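Contents: one structure, followed by commentary.
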Amino acid sequence: MSHELAGRIALVTGGSRGIGRACCQRLAEAGATVVVNYCSNEAAALETLQQIVDAGGKAVQVQADVSLESDVNRMVGWVEQEVGPIDLLVNNAGVFDFLPHDQTTPEIWQRAIDVNLTGAYYVTWAVKAGMIERQFGRIVNVASIAALRARSMAIAYSVSKAGMVAMTKGLAEALAGANVRVNAVAPGLIETEIHQSIDRDRLDQIVASSPIQRMGTSEEISELVLFLLSERSSFMTGQTVVASGGRVMLP
């Protein structure tokens, strides 16, 4: 177990499974005390918590729907009172619908914006004042290559993730003087439950079209998140780092 995050408190939204769970586990391995946020799946959050504790890490769990400002304020207040000041934030909570444009109802659209984008806004705004006051903070937003390569399927999801990328850039510029760095990761196709709504044949086509012909893992994304939260990335802010197996190649 490394100790590059020793003494730090990390809040991971949507931490009960998938990329969120992998991030919780990796940050705990690096020495952070991890706050595992979940919305409704308490059993999965407890499993994440137990895995961290069994491995010798430190973690607590807290329920909150990030799309509700009152829930977010309650969560952050509880963490600061019971655990301590939040040094590291991973905005990972999200919803995904793989649907054509004519099936994207107003309800589906609004839910994607509310959870993926407004949720990240609520949590970030709730913690950034403390980061500014303490002159330290590290924020990583889990976006998607859909933010950079939107397609006709999952338009609402793509728009919400593009908003996260824009928020990352704006906040990075605004908060740099307070020693708060803000970056994003843009995963490609990752082996998580969120992609179960995609037809298997379609998934196989996507994988076959990628230079690295496989799906990524949550653990690979968690390593990137750790890097951006650590001092190994001390000269980076406002960046969106792509991990897509080559599906998206930025200049």
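Counting from 98, one number per residue, gives the positions in the sequence shown under the working numbering. Using N, Cα and C, we set each Cβ at its ideal position, and we do this for glycine too. For clarity, every value in this text was computed on a predicted model and none was experimentally measured.
Under a three-way DSSP split, which group does residue i fall into?
i	result
V345	coil
T337	strand
T145	helix
N189	coil
G112	coil
E101	coil
M228	helix
S255	helix
T202	coil
G301	The question names Gly, but residue 301 is Asp in the sequence shown. It is helical.
L245	coil
D349	With the chain covering 98 to 348 only, the question about residue 349 has no answer from this structure.
D184	coil
D296	coil
S167	helix
F324	helix
M261	helix
M250	coil
S330	helix
Kindly identify the DSSP beta-bridge partner or partners of residue i.
i	result
Q160	Y135
N213	Beta-bridge pairing links N213 to no other residue.
T130	I106 and K155
N280	V237
I287	G313
Which whole-angstrom value is the C-beta distance of residue i and residue j, which I expect to be below 8 Å?
i	j	result
A156	C121	7 Å
N189	A223	Not quite, the Cβ-Cβ distance comes to about 16 Å (not below 8 Å), so this is no contact.
V109	I242	At roughly 21 Å, the Cβ-Cβ gap does not stay under 8 Å, so V109 and I242 are not in contact.
V237	L325	5 Å
I318	I116	5 Å
V277	G234	4 Å
Can you say whether residue i is buried or exposed, counting buried as having 16 or more other CB atoms within 10 angstroms of its CB?
i	result
F332	exposed
P284	buried
A273	exposed
T202	exposed
L286	buried
S341	buried
Q147	exposed
L347	exposed
Q158	buried
G174	exposed
I'd like to know whether the C-beta of residue i is nearer than 8 Å to at least one C-beta of chain B.
i	result
R118	The displayed structure is made up of one protein chain only, and chain B is not part of it.
Quiz item: Does the region 137 to 146 touch the region 169 to 187, meaning 3 or more C-beta pairs lie closer than 8 Å?
Solution: No: the two stretches stay apart, fewer than three of their Cβ pairs being nearer than 8 Å.
Quiz item: Hey, is the region 203 to 212 in contact with the region 242 to 260, meaning 3+ C-beta pairs nearer than 8 Å?
Solution: With the cut-off at 8 Å, the region 203 to 212 and the region 242 to 260 touch.
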